[in-house]
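J.:
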């Protein structure tokens, strides 16, 4: 995330996805403490599904980061979360973290995965210094327009609801993370496996089929049960040579074929596909705000060729992807 924040600071100006603040948002009985409610909900209400950022500790000039000041006594994210949940509905997803940039301690809010617009005030907020004055009323909403924030009007609401109930492409709600690991115990100890983690950051379950393809010029791929069977066969042959009369007894190996995936190969690639179960029309379902860390259950053995780089493609197909499959090219070190 440091790379992303650095890129924003050095190459971006304030807009619908970026805002700069010199100091942390106050809580408790501080004046204008409700400013955070307006700012974060305004970003969440903007129709862009990209992550939005508020970076703290930045002194801006004409919307561009100009200088910086240390953020001390970082406010606990949980306090901000509680304050937002108590006053805005539906709940807004965000995180609040500290980073170091050019020797300065800064902080940032990342506002992400908020598709359930509009986000509106559910409580009345009075002026901290004048309890007779009302700053925000139940049902009020705000939205970013350029680098400014304005109150939501009928036109904004019409657009929000139109986008909400039209068929949408949900690719931005899904993160796909391929990785390589090494077995540390058992008969496969020392061998590498490849797997895929998929994260659903939305407030709706998602259903999809998944395919993992490895460039055959960079690696070969096999099922772990097949490798275990091969190792067992080789070990049995070795023991038989040492003990031709079978005095050294060895428990028989029961081969159980993998019924969760298929693996095929040609001259160009190795391809693994997760199989549908029962009458399901999809092979994977991930609940809202959830993830599946091991799509292939560490069952795909990978053997690299010609160096340590493995190239491949992960493809997800879903009825929720209205513009076609989600395709992720990757290159991994072993």
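Residue numbers (this note's numbering): 73 to 406.
Even for Gly, the Cβ is constructed at its ideal location relative to N, Cα and C.
Since residue 241 and residue 395 are thought to touch, with beta carbons under 8 Å apart, how far apart are those beta carbons, to the nearest angstrom?
T.: As a first step, residue 241 is located in the chain shown; it is residue number 169 there, counting from the start. As a first step, residue 395 is located in the chain shown; it is residue number 323 there, counting from the start. Confirmed, about 5 Å.
J.: In terms of residue numbering, what span does the beta strand (DSSP E) encompassing residue 291 cover?
T.: For the purposes of this step, residue 291 is taken as residue 219 along the chain shown, with counting starting at 1. From DSSP, the beta strand (DSSP E) with residue 291 extends over 291-295.
J.: Between residue 143 and residue 195, how many whole angstroms is the CB-CB distance? I'm expecting something under 8 Å.
T.: Along the chain shown, one-based indexing puts residue 143 at 71. Along the chain shown, one-based indexing puts residue 195 at 123. Their Cβ separation, rounded to whole angstroms, is 28 Å, which puts residue 143 and residue 195 out of contact at 8 Å.
J.: What three-state label does DSSP hand residue 372 in the structure shown?
T.: Along the chain shown, one-based indexing puts residue 372 at 300. In the structure shown, residue 372 sits in a strand (DSSP, three-state: E or B).
J.: Grouping DSSP H, G and I as helix and E and B as strand, with all else coil, what is residue 300?
T.: Stepping through the chain shown from its first residue, residue 300 is reached at position 228. Three-state DSSP puts residue 300 in a helix.
J.: So what does DSSP say about residue 245, is it helix, strand or coil?
T.: Here residue 245 is taken as the residue at index 173 of the chain shown, counted from 1. Looking at residue 245 - three-state DSSP - the assignment turns out to be helix.
J.: For a test of the three-state rule: what should DSSP assign to residue 251, helix, strand or coil?
T.: Taking the chain shown and counting its residues from 1, one reaches residue 251 at position 179. Correct three-state label for residue 251: strand.
J.: Express the C-alpha separation of residue 356 and residue 223 in angstroms, rounding to a whole number.
T.: Taking the first residue of the chain shown as 1, we reach residue 223 at position 151. Taking the first residue of the chain shown as 1, we reach residue 356 at position 284. Those two C-alpha atoms are separated by around 41 Å.
J.: Look at the Cβ atom of residue 183, then the Cβ atom of residue 112, and state whether they are nearer than 8 Å.
T.: Indexing the chain shown from 1 puts residue 183 at position 111. Indexing the chain shown from 1 puts residue 112 at position 40. Yes, the pair counts as a contact, with Cβ atoms nearer than the cut-off.
J.: Taking the Cβ atom as the reference point for each residue, do residue 384 and residue 368 lie within a distance shorter than 8 Å?
T.: The count along the chain shown starts at 1 and reaches residue 384 at position 312. The count along the chain shown starts at 1 and reaches residue 368 at position 296. In this structure, residue 368 does not lie closer than 8 Å to residue 384 by Cβ.
J.: From what residue to what residue does the beta strand (DSSP E) around residue 272 run?
T.: On the chain shown, position 200 is the one that residue 272 refers to. Segment 264-272, the beta strand (DSSP E) holding residue 272.
J.: What's the call for residue 391, buried or exposed, on a 16-neighbour Cβ count within 10 Å?
T.: Position 319 of the chain shown, counted from the first residue, corresponds to residue 391. Exposed, because fewer than 16 other Cβ atoms sit within 10 Å of the Cβ of residue 391.
J.: Please classify residue 157: does DSSP put it in a helix, a strand, or coil?
T.: Position 85 of the chain shown holds residue 157. Helix at residue 157.
J.: Quick one, which of 279, 389 and 115 has its alpha-carbon nearest residue 358's?
T.: Position 286 of the chain shown, counting from 1, holds the residue named residue 358. Per the Cα distances, 279.
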